[in-house]
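Counting with the working numbering, you get residues 253 to 646 for the letters of the sequence shown.
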Amino acid sequence: MAPATPTPLDRRLAGALERLRAADLYRLRRVVDGGHGAHLRVDGRDCLNFCSNDYLGLAADPRVAAAARAALADGTGSGAAALVSGYNREHQALEEELAAFLQRPRALLFSTGWAANLGVLRGLLGRGDRLLADELNHASLIDGGRLSGAEYCRIAHADPAAYAQALAQPCAGLSLIATDSVFSMDGDLAPLQALERLRRGGGAALMVDDAHGFGVLGEGGRGCLFEPEGAGVAPEIYVATLGKSLGAAGAFVAGSQELVEYLVQKARSWVFSTAPPPALAAAARAALRIVQAEPERRAQLHANLARFRAGCAQLGIPVAASRTPIQPLLLGDAARSLALSRRLLERGYWVAAIRPPTVPEGTSRLRITLSAAHRPAEIDGLLAALAEAWRELP
């Protein structure tokens, strides 16, 4: 077949792609064979995975897979949106178990974290309302806020004084503070207690996206609200995902009876989406049981984290200050980040380079993540490879 003549749109896009390549911002997908665990085969190469959000090593756990397989005996897709005929008994059971685990009245299952944040913000906010959002929030919070029609107040990162200043301005409608709990590219924590005080004193509502804290931090793995920094914090809206610590897929919103019922009526990304496959809900239920029954997984994760940070300090590798599994190594320059990632992959360690627009200009980095599934010797191997590759950088 003869090549098609490029259209004006094709030429426009080709130019944009070439500019991304020239700026070292072009992104590639790498193909993983088999399961997504600590050990991977990536583009035909065996390697150790240090860039996944599979913090507890459950993505490849055979018990989670067995739960999904058992549910698949009844079929694959749910066939329709939840309000039509797609709401399966597995969905209902997962929602009830998540609510009980988090000590919340209700939970509502969404297909993705993006859909959850979009559904909440577009469902709750509109013209005359105001959203106060950390500048480093996840893109789903940013886009959901902008699409809501509310006044969007971009707040300096983790700065309670900036929130207070914005709240002091008059607002005729609802003021909603929205923040990540653990910021996904830096691994630092939001000032949750300060935001709680502002919520109570300023008549605002609080929304916390605990995607990277749920299952990992807090008493029993219940997330950031069960950490000392989260004591006494009571956000009206709590969001977390099932595709990170639980190794499955999807997300949920937890809160009051009224909140969940309102979202069932008004969250467009929930109302008009086909319900997730029941097998994914079954997998998440199995993973949640493991989280509760095996606290040693979290203990191993935090031991691995301590080992990695001690090794970095000894070797002079300047990772950012983070006590979460997310350990950023800032390089600033996109080309240097790509070069270091490439050198590590050549040595058998997969650590992705993170570049704009995922992170701000001038803050390209390696986002190193630890898992409970990593063995001490594997962490030591990464440290040795990282130190060697770091010395090779120009």
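Using N, Cα and C, we set each Cβ at its ideal position, and we do this for glycine too. Just so it is clear, the structure is predicted and the values come from calculations on it, not from any experiment.
Quick one: what's E299 bridged to in DSSP? This sequence places Cys at residue 299; Glu is not what is there. Answer by DSSP bridge pairing, in chain order: L292.
Along the chain, which unbroken stretches of the beta strand (DSSP E) at least 3 residues long are found entirely within the segment 548-632? 578-584, 616-621
Count the C-beta pairs between the segment 328-342 and the segment 532-543 that are closer than 8 Å, then say yes if the count reaches three, no if not. yes
Per DSSP, cross-strand counterpart(s) of I407: According to DSSP, which records beta bridges pairwise, I407 is partnered with D386.
Out of D461, L515, Q355, which one is the CA nearest neighbour of L388? If we check each option's Cα against that of L388, D461 comes out closest.
Beta-carbon gap between A420 and Y404 smaller than 8 Å: Taking 8 Å as the Cβ cut-off, A420 and Y404 do not qualify as a contacting pair.
Could you tell me the distance, in whole angstroms, from the CA atom of A319 to the CA atom of A625? 20 Å
Do you know offhand how far R575's Cα is from N556's? 11 Å
When the Cβ atoms of the segment 595-604 are set against those of the segment 419-434, are three or more pairs found closer than 8 Å? Not touching, per the Cβ criterion.
Residue span of the beta strand (DSSP E) that contains L361, given as start and end: 358-362
Check whether the Cβ atoms of G499 and V316 sit closer than 8 Å, and answer yes or no. Contact flag set, yes.
Cβ of L222 within 8 Å of Cβ of N301? Here the chain has residues from 253 to 646 only, and residue 222 is not among them.
With a 10 Å radius around its C-beta and 16 neighbouring C-beta atoms as the bar for buried, classify Q517 as buried or exposed. exposed
Would you report the Cα separation of A527 and S363, rounded to the nearest angstrom? Each residue's CA atom was taken as its position, placing A527 and S363 some 7 Å apart.
Give the list of continuous alpha helix (DSSP H) stretches no shorter than 4 residues that lie fully inside the segment 465-530. 509-518, 520-523, all fully within the segment 465-530.
So for L261, helix, strand or coil by DSSP? helix
Helix, strand or coil for S337, going by three-state DSSP, please let me know. helix
What first and last residue would you give for the beta strand (DSSP E) that runs through D432? 427-432
CA-to-CA distance, D285 to T614, given in whole angstroms: Thr is not the amino acid found at residue 614; the sequence shown has Gly there. Rounded to whole angstroms, G614 to D285 spans 33 Å at the Cα level.
Return the Cβ separation of M559 and L645 in integer angstroms, given the expectation that the two are a contact with Cβ distance under 8 Å. Sequence check: residue 559 is Arg here, not Met. With 8 Å as the limit, R559 and L645 do not qualify as a contact, their Cβ atoms being about 24 Å apart.
Could you spell out where the alpha helix (DSSP H) holding L447 opens and where it closes? 444-454
Is the separation between the beta-carbon of A463 and that of L350 shorter than 8 Å? no
Hey, would you say H390 sits closer than 8 Å to S436, going by beta carbons? yes
Hey, how far is the Cα of C423 from the Cα of L361? 31 Å
Check whether the segment 437-455 and the segment 568-584 touch, using three or more Cβ-Cβ pairs below 8 Å as the test. yes
Comparing C-alpha positions only, which one of L567, S497, A562, L444 sits nearest to A483? Taking each of L567, S497, A562, L444 in turn and checking the Cα distance to A483, the smallest one comes out for L444.
Taking the straight line between their C-alpha atoms, what separation do you get for R374 and A639? 46 Å
Exposure of V543, with buried meaning 16 or more beta-carbon neighbours within 10 Å: buried
N-terminal and C-terminal residue of the beta strand (DSSP E) that V460 is part of: 457-461
Where D438 sits in the DSSP three-state scheme: coil
Between D306 and the rest of its own chain, which residues show a CB-CB distance below 6 Å, the 5 nearest in sequence each way excluded? G499, S623
Give the straight-line distance between the Cα atoms of R264 and D395, rounded to the nearest whole angstrom. 25 Å
Excluding the 5 residues flanking T621 on each side, which residues of the same chain have their C-beta closer than 8 Å to its C-beta? F302, C303, S304, N305, Y307, P577, I578, Q579
Cα-Cα separation between A591 and L618, rounded to whole angstroms: 10 Å
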